[in-house]
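A.B. asks: Using the working numbering, the first residue of the first sequence is number 489, and each one after it goes up by one. Beta carbons: idealized from backbone N, C-alpha and C, even for Gly. To start, I am sharing the structure in question, which I have written as structure tokens.
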Amino acid sequence: MRLASWNVNSIKARLDAAMTWLDEGKPDVLALQELKCVDDAFPRLEFEAKGYNVIVAGQKSYNGVALVSRLPLENPVIGLAGDASDEQARYVEATVAGVRVASIYLPNGNPIGTEKFNYKLAWMDRLRARAAELLKSGGAVALMGDFNVIPKPEDCYDVSAWVEDALYQPESRAQFRALCWLGYYDAFRTAKPHAPAAYTFWDYQGGAWQKDNGIRIDHILLSASAIDRMTDVDIDRRPRGRPKASDHTPIWCDLADAPTAPRL
DNA sequence: ATGGCCGTTTTGAACGGA
């Protein structure tokens with residue numbers, strides 16, 4: 489089963505690109521972020537025509553996440569627990585073939601020293617609580633999305649350009665590590681610990697794509713029982729190099745079928 | 001040199017993004 493995540497920066501602006509990537513990336517499950525549209529404006533029919541089921545958590549103009557899957561999306565949950573007053577559409581989860589998958593659009597948090605940065609850190613507290621809850625069953629879990637965190641210096645073309653940014657603050661990175669210490673594995677770094685310039689985002693400005701001035705902020709975090717089944721993982725840079733591209737590009741991983749009996 | 005991009009919105013200057 490292939491799991492993938494992509495911040496499309498408006499699903500309406502990126503519909504052709506999304507349809508193209510479904511054909512070439514062949515994800516079984518795709519977590520989408522930054523839809524920038526309400527539920528009814530999501531191009532549901534186009535996804536369904538390609539054989540995908542759809543769950544949308546939309547919002548006007550900003551944010552918005554979705555899960556699309558060839559297999560049924562069971563027991564969907566929209567929204568992240570812990571703050572009933574939070575109206576931003578940044579989280580949706582469901583079960584596909586026994587794997588609990590989530591599409592996550594973690595707050596940007598800029599500028600630091602403001603309520604926006606506090607909101608980011610508080611949101612990460614809530615995410616960690618939910619992530620811990622999901623591990624209790626021992627089943628496979630995949631947290632996928634735009635985490636808006638640069639985990640380590642090697643995940644950035646030039647750390648000096650990001651030291652004042654919310655994505656590289658010590659607090660943001662510590663929160664990301666705390667999430668991992670619960671028992672989640674960064675799918676890409678676990679398989680490719682020394683891969684250089686493994687970026688998922690390049691700014692539209694300043695020729696960042698042409699210079700490969702990128703950062704790795706889109707992640708797939710897998711529980712132990714999920715990463716134990718992982719056979720491949722990669723970042724697909726092709727969509728970023730095309731006209732009218734999102735500033736993010738997809739990341740994906742493959743999971744082998746669940747063993748029907750213990751293998752040891 | 002994030003001054004220089006992109007998408008969105010009570011459509012036209014402002015906001016959010018990262």
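Work out the CA separation of Q521 and F635 for me, nearest whole Å.
C.D. replies: 10 Å
A.B. asks: Does the region 598-618 come within contact of the region 650-666, defined as at least 3 CB pairs closer than 8 Å?
C.D. replies: yes
A.B. asks: What is the DSSP secondary structure of R490, counted as helix, strand or coil?
C.D. replies: strand
A.B. asks: Determine the extent of the alpha helix (DSSP H) in which N551 is found, giving its start and end residues.
C.D. replies: Note, N551: premise wrong, no alpha helix (DSSP H); not H, not E.
A.B. asks: For my contact list, S557 and D516 are in at a C-beta cut-off of 8 Å; report their separation, rounded to the angstrom.
C.D. replies: Confirmed, Cβ separation roughly 7 Å.
A.B. asks: Do three or more CB pairs link the region 537-554 to the region 613-632 at distances below 8 Å?
C.D. replies: no
A.B. asks: What would DSSP say about L594, mapped onto helix, strand or coil?
C.D. replies: coil
A.B. asks: Can you grab the Cα-Cα spacing for the pair A696 / G633, in whole Å?
C.D. replies: Rounded to the nearest angstrom, the two C-alpha atoms are 21 Å apart.
A.B. asks: Leaving out five residues on either side along the sequence, give the residues of the same chain with a beta carbon under 6 Å from the beta carbon of P747.
C.D. replies: none
A.B. asks: Between the Cα of F676 and those of E642, A577, C741 and A506, spot the shortest distance and give me the residue it belongs to.
C.D. replies: C741
A.B. asks: Spatial neighbours of D700 within its chain, please: C-beta separation below 8 Å, excluding the five flanking residues on both sides.
C.D. replies: Y645, A685, Y687 and W690
A.B. asks: Measuring only the C-alpha atoms, how far is D571 from E659?
C.D. replies: 20 Å
A.B. asks: From A619 to E562, what does the alpha carbon distance come to, in whole angstroms?
C.D. replies: Rounded to the nearest angstrom, the two C-alpha atoms are 18 Å apart.
A.B. asks: Does DSSP put F676 in a helix, a strand or coil?
C.D. replies: In this structure, F676 counts as helix in the three-state DSSP scheme.
A.B. asks: Cα-Cα, which of N551, D716 and D504 is closest to K538?
C.D. replies: Residue nearest to K538 within the set N551, D716 and D504 is D504 (criterion: CA-CA distance).
A.B. asks: Exposed or buried, what is E581 when buried is set at 16 or more other beta-carbons lying within 10 Å of its beta-carbon?
C.D. replies: buried
A.B. asks: Under DSSP, the beta strand (DSSP E) around E659 begins and ends at which residues?
C.D. replies: Counted as a single uninterrupted DSSP element, the stretch harbouring E659 is not any beta strand (DSSP E) but the alpha helix (DSSP H) occupying residues P658 to W669.
A.B. asks: Are the Cβ atoms of L631 and L709 separated by less than 8 Å?
C.D. replies: In contact: L631 and L709 (Cβ atoms closer than 8 Å).
A.B. asks: For the alpha helix (DSSP H) containing A744, list its first residue and its last residue.
C.D. replies: Run containing A744: none; DSSP gives neither H nor E here.
A.B. asks: In angstroms with no decimal places, state the Cα-to-Cα distance between E536 and I705.
C.D. replies: 29 Å
A.B. asks: Return yes when the Cβ of P531 is within less than 8 Å of the Cβ of I566, no when it is not.
C.D. replies: Contact: no.
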